[in-house]
Structures are given as C-alpha cells and as structure tokens.
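Numbering (the UniProt record's numbering), first residue to last: 1 to 650.
The beta carbon of each residue, even a glycine, is placed where N, CA and C say it ideally should be.
From a predicted model like this one, the values you see are computed outputs, not experimental measurements.
Notes follow the structure.
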C-alpha cells in the first residue's frame, strides 16, 4: 500500500534485515561462507538444494536419447567463459526452450537501469578471479529482499544451453540469473507462463500495473510512457492472443501474439517538417523483428539525418531490437505493463519535492473455514476476511488525473453491495492518492502454477474499531475495489480517497463445504476434556472437586451446551469458525482473528467443523490463561497480554 504523504526520516537500508544491503539468505545458504570453504578446499561448489538433475528442470525428459540433458559448467561450454563480457545490455538475453518470455522481457528492462540492475546481479563476481563455481543473485519477495545462491552447472542439450543464453556465446550472467530465479520458484518448469509484472516486481520491489493502450490517444500515451521511462520505471508490452492457438503466431508485421516485448527507449526524430514519436522495443528471442514502418529494414530511415541516427544509437541488425512509431504501436499492441522502482514515477507530472510516497506492507493469510470469508455473495462470512486499516491524513498537492472510478463498477459479478447510504465518497476537492496491491505468496511452486482468484474491497470508516463485523458490511458500500476476481499473483488499483481511516479488506473467492453430520444434543465429553474442566476448578491441585465446585462445573457445561446449540446455526452438531467466534463472545470471551485461527488449528484437528467437546476445550483453555494472567504480579509479564503464542504453547 502506498500513500502520498510528506516524507519522513527512514532507517538506513543497511540496518534492515531483508533490505537490499542486508538480504535474507534463501534456505539459509551463506554465499561468503560457502565460497570461502570452496576456495580453501580447492573444490567447485555443487548446490545440494538445487541439484543438476531432472527435478530441477521440472519437466518430463525428452524420450529421444539424442536430446538428453547434460549439466555443464561455463568453462566446459566455452574456454573463454565470462560472467559479464564488457557491459550488460538487452542483447545479452535470448530465450531458450522455456516459455518464460515474461521473465526475460522484465530482465531486458532491468538492464536499462544500471543502479537497479546491480541490486539483482552483483557485478563483483567472476569466472576467472577467485572462481569457486558459486554465484549469488537477489530478488524481492513480498516485502523482503532474498539472496539466492547457485552453482554454475547449466542444462545443455545438443551442445547448446537449454534455456536462456547470451548473444555473446561466452557470457553467462543471464543464464545464471534465470537459474537462481528457477531455484527460488522450485524449478525451471515453474517459470512457464506468467505476467511481466511478476518479474518486474521481483527485480525492483516496486509496484507493477497495467495500462490499456487504447485508453489514451497516441501522443498522450507516448508522453506518459516517456515520462515513466525517464523516471526509472520498467516498461513492457504485448499483443493479446484471442485463443490459445494464436499464442506464438506471427502477425503480417513480424510481431508475435501472446509474447512479451521490453520497451527499452523512446525518442523523437525529425523527418522533413514533421516530428515522429518512436518507441524502441526488444523481442527476448533475440530475433524475429517487426517489419513495418521504422523497422530495421524500413526506408523511413533513409530520410533521417546521420547525426540523428547516431544520437538515438540506431542499429539496423537482427538482434531482436527495433523501433516503431507510436501510431503503429497503438494499433498493433494491446497492453503496456509498467513497474515503478520509486512510486513517484507513476505520475505523469513530476511531484513536488516536499511530497513523496510512503510504502507500507501487511501480511495475512486465508485459512479455509476460518479467515477465508468469500466474496460479498456470502454476507454471513464476508466479514471474516483479513482486514487492514490505513490512515490517509494528507491531500494531494495536485489532483491526480490518472485515476478512474476507483474500480467501482455497477457490473461486477460479485456485486452484492447495498445502496451507498453509509459514508459516500466525496467527488470534489483534492483527495489522497493510494495505490493498493494484493499479492499471493508462493503459488508458483513445485513445477506448477496455482493462483487463486483474488480481489480486494476498500471501505470508508469513521471510528477505529478492532474489526468490522457483519452488520457493517451489510449496510456499507465499497468506495474502491480491485475489480473482478483474477487468477494472477497480484491485483492492484490506484484510487483517490478522502483522507480518513480506510479499511482495505482482502477477499478470496472459494466454495463453502457444508457439513452433513448431525450429533445429538446430549453431547458426550471425552476423558481429556473432563480432565481440563476439573483442572480449571481444582484450585488445590488434588484432582478432585467438592460438591460446590462440581455443581458450578456442571452448570457451566450446561450453559456452554446451550450456547453451542444456539450458535450452531445450521444445526449440524458442529461449529464453523464463524459460528465459533460468536459462541466465544456469548461465553464472555473476546478474541481477535489471530486467536480464533490458533484455536481452530489446535482444536479443529484439520477439519472444517468443531465438535462440542472442542468448543468446551477452547473456552476452558482461554479461561485458564485468563486466570493465570490475572494472578501474575509482574507488570512486565502482564503488559505482554494473552496472545496467540502463549495459547499455542500452553
């Protein structure tokens, strides 16, 4: 979540664990320690966590023995192997036999920004000096930078690198970056298919968003993209394929449908009396180029002055890179993806120096049956979704004209919003720009992609409640939302909001599983639950109760039984997590979402329903912890409160 507010002092990057300067060690592998041990022993590093085998490839082997994969180190492939040959450039990256053009297009964009590039690819690495067969790369992962270590054994088929390679045959940095990213995601096969925004975000820690090319006139679009590129944003584009069969097909202009292109530069050239707006694109394949106006073989260049050609560094060669006019670009391409390294670069106009963006991230989880409340078509459970509050306290210095209707549409497929009678959004005056993004973690793992359909809603509130309940959502309308549910890693929305407390509710579309088992009202308590009950009443530690204590205990159990029957709304003889929350409150126990989640994991036995004896155990355990808390004499201990950690360990 980013918000435009006055800048505030920030901690030094070097002080923060998980920062670029202090990245987390992926799977606890320490680059310096491993490299030092190899240099001391005179051996080359072999990574046991990403071995040179078919499991790391993540795809079935080719049945043809002639196409068997071998793993070779760079020096076994080229006698003059180098990590980087001269300088890094977009032509260092060519796509191999893996459908990961999205990743390579993002990597091509990265080479255009040297200060960002060295964060991902430390250049103090060599295949000659102090060579130990080990290399490191850094990627942003959900709020933290992670350093991934790999050995330099690369898959080779029929004498060529199987996956990405450099046009310079003795250069291997791009192949090793790809290997490190494959390790981060489980295998090379896990990288098949994706959105360019994933790679862009993982290379920068920025926020990527999509822009429909048809949404702006060509000249305005060129101005917007040029401003973003000059501020350090990563840009890419693609032509949408209408069907699966169209993916990879070439158009009559030499472009590839369903394929990602990097936007590497933008410029103007003078032709006679007119000024032509151009974009420079690159195909990650390293070949197959655009053949229309302003392409490498276009006669349009014959009318351009040599000095002008030199200024824009024109190269008329088959390297996958080409120029295209903005009018043709808007006709032939559908979508541009932008990733802002600094959120300030998202605005078409430069922002005042006294104002900047602040970035805040939150972590949560959807637990089926507990905190996965579904969309607004499920009013009884929607309120159980994770809720996060954001205070917007400053108005924009200049009104943001790049925001649409905050994603609120009358046609959303899950639109069960009531009439907007509660806290309607004002339409006049300067407001506060917020960019909200919802990311799902670790869904590109184990040789498969398993993205859930996700979205988020934004609600406006007046007070500061601990959590909003069912009645609030039954009478309130969202002032912003990400749009329709999408099975992608991240959904985002740039919104204009009145500076108030804003609740960002994350929601997850899923199917409820009804329980069909029915139990009698005369519930039987297992021996262990009886022991817990006796323990809470037996203040003397004798394992026995006197008559008064026994009567109090029986009365308490009967009360719990009445509450259980009352809040078992579907009369299933068991409770869902949503019913449990209400039943605990009725028993005098106030719990936040984290406590309920831990209770469910401890007493739910992995099921989607909770029997009566487990409900009794929940109340008993919480009562015991409360009594221990009240009896504690140390203020230091009492200030810690009763939390999920103590509940789980008790």
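First and last residue of the beta strand (DSSP E) that includes residue i?
| i | result |
| --- | --- |
| residue 262 | 260-271 |
| residue 337 | 335-340 |
| residue 569 | Run containing residue 569: none; DSSP gives neither H nor E here. |
| residue 155 | 154-157 |
| residue 83 | Looking at the DSSP string, residue 83 is not in any beta strand (DSSP E), and its letter there is neither H nor E. |
| residue 213 | That residue, residue 213, is in no beta strand (DSSP E); it is neither H nor E in DSSP. |
| residue 455 | 454-461 |
| residue 236 | 234-238 |
| residue 490 | 490-497 |
| residue 128 | That residue, residue 128, is in no beta strand (DSSP E); it is neither H nor E in DSSP. |
| residue 145 | 144-151 |
By a C-beta neighbour count over all protein chains shown, 10 Å radius and 16 as the cutoff for buried, is residue i buried or exposed?
| i | result |
| --- | --- |
| residue 35 | buried |
| residue 287 | exposed |
| residue 630 | exposed |
| residue 554 | exposed |
| residue 511 | Here residue 511 scores only 22 on pLDDT, less than 50, and its place in the model should not be relied on; the value that follows carries that caveat. Exposed, because fewer than 16 other Cβ atoms sit within 10 Å of the Cβ of residue 511. |
| residue 401 | Interpretation of residue 401 is limited by its pLDDT of 46, a score under 50 that renders its predicted location unreliable; no figure is taken from the coordinates. |
| residue 210 | exposed |
| residue 220 | exposed |
| residue 617 | buried |
| residue 521 | Bear in mind that the predicted position of residue 521 carries a pLDDT of just 44, short of 50, making it too unreliable to give a figure here. |
| residue 193 | exposed |
| residue 533 | buried |
| residue 88 | buried |
| residue 243 | exposed |
| residue 66 | exposed |
Residue i and residue j look like a contact to me (Cβ under 8 Å); what is the Cβ gap, rounded to whole Å?
| i | j | result |
| --- | --- | --- |
| residue 691 | residue 78 | Because the chain here runs from 1 to 650, residue 691 falls outside it and cannot be looked at. |
| residue 58 | residue 186 | 7 Å |
| residue 188 | residue 182 | 4 Å |
| residue 328 | residue 292 | 6 Å |
| residue 312 | residue 269 | 7 Å |
| residue 61 | residue 54 | 6 Å |
| residue 45 | residue 151 | 5 Å |
| residue 164 | residue 239 | Between residue 239 and residue 164 the Cβ distance is about 22 Å, and since that is not below 8 Å, they are no contact. |
For residue i, which residues of its own chain have a beta-carbon under 8 Å away from its beta-carbon, when the five flanking residues on both sides are left out?
| i | result |
| --- | --- |
| residue 418 | At residue 418 the pLDDT is 46, less than 50, meaning the model places this residue with poor confidence; the figure from the coordinates comes in the next sentence. Excluding positions up to five away in sequence, the list reads 474, 475, 476 and 477. |
| residue 101 | 95, 259, 260, 284 and 285 |
| residue 139 | 120, 145, 146, 148, 180, 181, 184, 202 and 203 |
At which residues does the alpha helix (DSSP H) containing residue i begin and terminate?
| i | result |
| --- | --- |
| residue 309 | 306-311 |
| residue 109 | 101-111 |
| residue 471 | 470-475 |
| residue 366 | Where residue 366 is concerned, there is no enclosing alpha helix (DSSP H), given that its DSSP letter is neither H nor E. |
| residue 593 | 593-603 |
| residue 182 | 173-185 |
| residue 586 | 577-586 |
| residue 198 | 196-204 |
| residue 326 | 326-332 |
| residue 117 | 114-120 |
What is the DSSP secondary structure of residue i, counted as helix, strand or coil?
| i | result |
| --- | --- |
| residue 70 | strand |
| residue 49 | coil |
| residue 190 | helix |
| residue 221 | helix |
| residue 290 | coil |
| residue 138 | strand |
| residue 652 | There is simply no residue 652 to check, as the chain begins at 1 and stops at 650 in what is shown. |
| residue 274 | strand |
| residue 29 | coil |
| residue 38 | helix |
| residue 388 | strand |
| residue 317 | coil |
| residue 322 | strand |
| residue 251 | coil |
| residue 479 | coil |
| residue 95 | coil |
| residue 162 | coil |
Given residue i, which residues of its chain have a CB within under 6 Å of its CB, disregarding the five upstream and five downstream residues?
| i | result |
| --- | --- |
| residue 321 | 282 |
| residue 262 | 105, 108, 109, 236 and 282 |
Quick one: what's got a C-beta closer than 7 Å to residue i's C-beta in the same chain, skipping five residues either side?
| i | result |
| --- | --- |
| residue 582 | 567 |
| residue 289 | 254, 283, 295, 296, 318, 320 and 322 |
| residue 597 | 367, 370 and 371 |
| residue 469 | 383 |
| residue 563 | 583, 586 and 587 |
| residue 439 | 142, 489 and 490 |
| residue 233 | 338, 339, 340, 341 and 345 |
| residue 39 | 130 and 132 |
Determine, for residue i, whether the minimum Cβ-Cβ distance to residues of chain C falls below 7 Å.
| i | result |
| --- | --- |
| residue 610 | Absent from the structure: chain C. Only one protein chain is present. |
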